[in-house]
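Undergrad: Using UniProt numbering, the first residue of the sequence shown is number 1, and each one after it goes up by one. Have a look at this one.
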Amino acid sequence: MAPETPGRETQETLSNLLREDRRFEPPADLAAAANVTAEAYEEAAQDRLAFWERAAERLTWEQRWETALDWKPPFAKWFVDGKLNVAYNCVDRHVEAGHGDKVAYFWEGEPGDSRTITYADLQKEVSKAANALTELGVGKGDRVAIYMPMIPELPVSLLACARIGAIHSVVFGGFSATALKSRIDDADAKLVITADGGFRRGAPSALKPTVDEAVADCPSIEHVLVVRRTGQEVAQTDKDVWWHDIVERQSAEHTPVAHDAEDPLFILYTSGTTGKPKGILHTTGGYLTQSAWTHHAVFDLKPESDIYWCTADIGWVTGHSYIVYGPLANGATSVIYEGTPDTPHRGRFWEIIQKYRVTILYTAPTAIRTFMKWGDDIPAKFDMSSLRVLGSVGEPINPEAYVWYREHIGGDRTPVVDTWWQTETGAIMISPLPGVTAAKPGAAMKPLPGIVADVVDDQAQSVPNGGGGFLVVREPWPSMLRTIWGDDQRYIDTYWSRFEGFYFPGDGAKKDEDGDLWLLGRVDDVMLVSGHNISTTEVESALVSHPKVAEAAVVGATDPVTTQAIVSFVILRGAAEEGEDIAKELRDHVSKTLGPIAKPRQILIVPELPKTRSGKIMRRLLRDVAENRSIGDVTTLADSSVMKLISEKLPSAA
Ligand code: 6R9
């Protein structure tokens with residue numbers, strides 16, 4: 001086992017418990033006009049590198065590459081000796097092609113203010129920001145930490161860095177000063193770009209004090225560039241420069257220079273299960289190729305008519321690839337929303353879809369389950385007939401949540417694409433194609449054309465259909481991470497040592513009888529119950545399939561008899577009452593759905609679940625609760641008070 005993923009050596013296969021027979025065929029009109037058809041799989045299977053070269057040709061290169069791939073395992077170089085500028089590809093080339101008046105972003109602030117930014121506007125803003133960065137002494141290869149709310153200056157900052165070849169490192173606006181400082185230190189960043197604050201849940205939420213606290217002790221930081229968003233009072237330090245003072249007075253002209261295809265584009269930190277966060281390094285040509293191609297293929301993006309909205313935060317990889325780089329490279333019109341889905345009311349998302357006539361929505365299972373909990377009547381009040389494709393990312397989507405999403409948001413017409421990928425993979429890897437795939441609710445289905453993934457047992461042998469085990473990627477792909485910033489050895493140990501020659505993402509998966517892929521969560525979360533490896537995902541999905549359950553998190557707690565026993569934390573749906581018998585009812589329901597082996601020992605009804613800011617359930621903390629330990633590191637939790645609420649619910653908790 002790789003040191004980062006201390007699973008059990010005994011794990012051979014994952015039990016395959018959940019059955020699902022529903023299928024959703026692609027709508028005929030979508031299939032007929034789809035950007036990508038079934039042929040793409042064949043083309044890529046015949047010549048994978050030629051397939052990716054054609055995808056790279058969708059971009060504008062100043063100098064074409066010599067070699068598609070230079071692979072010295074596990075170090076890859078894609079489009080060797082090619083040169084291009086990412087910001088030019090995302091912005092200028094669309095203006096040059098006569099699309100300057102086309103909207104790049106409809107930006108919606110939480111308090112109800114809005115801005116419309118065309119590609120021509122974006123070109124000016126990015127050029128000014130690039131000039132300002134240069135004036136602040138930032139040059140090619142320098143690292144820039146970005147700690148901002150979801151305002152237009154955030155994508156502008158990313159693109160300004162890309163334009164001059166500086167490496168951005170976006171840190172979630174919700175992270176603490178300690179987390180920010182450790183990321184600044186690890187990357188040895190020169191500049192921080194931030195804002196006074198942003199609006200969340202109806203109130204200004206300050207960011208600048210956190211930056212001040214972090215930077216007080218960061219000698220590498222020369223300047224702090226501050227956008228005024230909320231107008232909150234901010235303490236000034238001698239490193240501070242206001243965005244409106246320096247950026248606004250710059251020239252709106254800036255000539256982009258081409259960078260090498262393998263020049264770094266950004267670092268994005270991902271918290272490992274143990275140890276310090278890993279600085280995932282992405283480079284220029286391969287990253288842009290795959291983020292743009294997958295956005296075009298998986299969402300069937302038609303730049304001339306679609307209004308696309310990805311609800312992620314740009315501080316998460318989904319925002320990098322599918323709010324900024326992919327959509328802009330494709331010349332899309334996107335919506336960006338600053339705030340939370342329940343401000344000022346729980347229909348805010350649907351109101352935004354109605355207002356902008358959004359056609360493609362990309363969100364996360366955690367959000368979908370929250371909307372289910374809030375009730376069907378809320379989305380029903382809005383006109384969402386414009387929607388034609390729905391996407392999901394971040395966690396396995398429970399079949400019930402998938403069907404709810406399709407029915408209540410997609411009017412039972414829209415395909416749902418369940419997209420599996422990671423910060424490390426840079427772009428989508430496994431997903432249905434909306435015009436091709438007869439999708440199964442809860443399955444990510446097949447590796448995209450050009451991606452070679454498989455499920456293997458612990459001897460690295462491919463499992464037969466119907467079997468479960470470890471997901472691996474067998475061949476390098478253009479947007480793969482190139483290393484962990486400053487730590488090649490950790491890159492090798494974490495991703496390339498568990499299975500010789502294969503990339504190991506750390507996720508469990510199964511192949512169904514048709515060979516379609518189902519993601520089963522992190523292997524660290526797999527439970528060992530009476531000799532069976534049981535995935536938390538399947539038990540959670542069984543719980544969520546009960547009409548009274550909105551969300552569920554499942555963990556294995558040490559048990560003297562069964563090695564581990566299943567402990568479930570459950571949030572009930574809007575109207576459901578917490579009664580005496582509900583625990584029994586749910587335990588029986590799981591037993592009936594998956595079999596007695598998966599019957600939870602304990603069901604705890606809780607008001608909330610601990611989640612990261614990107615919405616992933618932190619089962620590690622729930623294991624602490626279930627095993628009656630003091631609760632571990634909660635610094636990456638979106639809301640740290642949640643653990644207290646949960647502990648209070650537990651009869652045996654100390
Ligand atoms: C994009 C993103 C990566 C981990 C990944 C997996 C889980 C993401 C998923 C999914 C099942 C999906 N994950 N998408 N699991 N089905 N469609 O989320 O990146 O934050 O790095 O997380 O998220 O466990 O390994 P990141």
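Think of the CB as a built atom: it goes at the ideal place given N, C-alpha and C, for glycine as much as any other residue.
Assign residue 349 to one of three DSSP states: helix, strand, or coil.
TA: helix
Undergrad: Near the ligand 6R9, which residues have their beta-carbon less than 7 Å from any of its heavy atoms, given in chain order?
TA: 270, 316, 317, 318, 392, 393, 394, 395, 396, 397, 418, 419, 420, 421, 422, 423, 424, 444, 505, 506, 507, 519, 521, 522, 614, 616
Undergrad: Report the three-state DSSP secondary structure of residue 178 (helix, strand or coil).
TA: helix
Undergrad: By the three-class DSSP mapping on this structure, what secondary structure does residue 120 have?
TA: helix
Undergrad: Quick check on the DSSP output: the alpha helix (DSSP H) that includes residue 266 runs from which residue to which?
TA: Premise fails: residue 266 lies in the beta strand (DSSP E), 264-270, not in any alpha helix (DSSP H).
Undergrad: Applying the criterion that 16 or more other CB atoms from any shown protein chain within 10 Å of the CB defines a buried residue, is residue 257 buried or exposed?
TA: exposed
Undergrad: What residues in its chain sit with their C-beta under 6 Å from that of residue 542, if we drop five residues either side in the sequence?
TA: 590, 593, 594
Undergrad: Hey, residue 410 and residue 390: beta-carbon distance below 8 Å or not?
TA: yes
Undergrad: With 16 other CB atoms within 10 Å as the buried threshold, where does residue 244 fall?
TA: Under this definition residue 244 is an exposed residue.
Undergrad: Could you check the C-alpha separation between residue 271 and residue 139 for me, to the nearest Å?
TA: Roughly 28 Å between the two C-alpha positions.
Undergrad: What beta strand (DSSP E) runs, 3 residues minimum, are completely inside the region 130-157?
TA: 143-147
Undergrad: Assign residue 15 to one of three DSSP states: helix, strand, or coil.
TA: coil
Undergrad: Enumerated in chain order, which unbroken segments of the beta strand (DSSP E) with a length of 3 residues or greater are wholly contained in the region 447-503?
TA: 453-456, 468-473
Undergrad: Under 8 Å, with one C-beta from each stretch per pair, do the region 287-304 and the region 435-452 reach the 3-pair mark?
TA: The region 287-304, when compared against the region 435-452, does touch it at the 8 Å Cβ threshold.
Undergrad: Which term fits residue 236, buried or exposed, when burial requires 16 or more other beta carbons within 10 angstroms of its beta carbon?
TA: So residue 236 counts as exposed.
Undergrad: How many angstroms separate the CA atom of residue 482 from the CA atom of residue 419?
TA: Taking the straight line from one Cα to the other gives about 22 Å.
Undergrad: Measuring straight from C-alpha to C-alpha, what distance separates residue 463 and residue 317?
TA: Residue 463 and residue 317: Cα-Cα distance of roughly 30 Å.
Undergrad: Beta-carbon separation of residue 373 and residue 571 under 8 Å?
TA: yes
Undergrad: How close, in whole Å, do the beta carbons of residue 347 and residue 26 come, if the pair is a contact with beta carbons under 8 Å?
TA: That belief does not hold up - the Cβ atoms of residue 347 and residue 26 are roughly 29 Å apart, past 8 Å.
Undergrad: Expressed to the nearest angstrom, what Euclidean distance is found between the alpha-carbon atoms of residue 156 and residue 131?
TA: 12 Å
Undergrad: Quick one: Cα of residue 66 to Cα of residue 261, how far?
TA: 11 Å
Undergrad: Just list the residues that DSSP pairs residue 341 with in beta bridges.
TA: Beta-bridge pairing links residue 341 to no other residue.
Undergrad: Using only the alpha-carbon positions, how far apart do residue 35 and residue 181 sit?
TA: Looking at the two C-alpha atoms, the distance is approximately 43 Å.
Undergrad: What's the C-alpha gap between residue 520 and residue 510?
TA: So the alpha carbons of these two residues sit roughly 7 Å apart.
Undergrad: Let me check understanding here. Comparing Cα to Cα, which of 223, 496, 159, 587 lies closest to residue 474?
TA: 496
Undergrad: Among residues of its own chain, excluding the 5 on either side of residue 231, which ones have a beta-carbon nearer than 6 Å to its beta-carbon?
TA: none
Undergrad: Apart from the five residues just before and just after residue 615, which ones in its own chain have a Cβ nearer than 6 Å to its Cβ?
TA: 364, 366, 394
Undergrad: Return the chain-ordered list of same chain residues with a C-beta closer than 7 Å to the C-beta of residue 603, the five sequence neighbours on each side being excluded.
TA: 568, 570, 583, 586, 587
Undergrad: At least one CB of chain B closer than 8 Å to the CB of residue 94: is that the case?
TA: The question asks about chain B, but that chain is absent: this structure has only one protein chain.
Undergrad: Which residue's Cα is closest to the Cα of residue 254: 218, 206, 162, 308?
TA: 162
Undergrad: Since residue 108 is in the beta strand (DSSP E), which residue starts that stretch and which ends it?
TA: 103-108
Undergrad: Cutting at 6 Å between CB atoms, please list the residues of its own chain near residue 368, excluding the five before and the five after it.
TA: For residue 368, where only same-chain residues beyond five positions count, the Cβ hits under 6 Å are 401, 405.
Undergrad: At what residues does the alpha helix (DSSP H) containing residue 655 begin and finish?
TA: As displayed, the chain neither begins before 1 nor continues past 654, which places residue 655 out of reach and without an answer.
Undergrad: Pull up the CB-CB distance for residue 301 and residue 221, whole angstroms please, since I reckon it's below 8 Å.
TA: 38 Å between Cβ atoms; not a contact.
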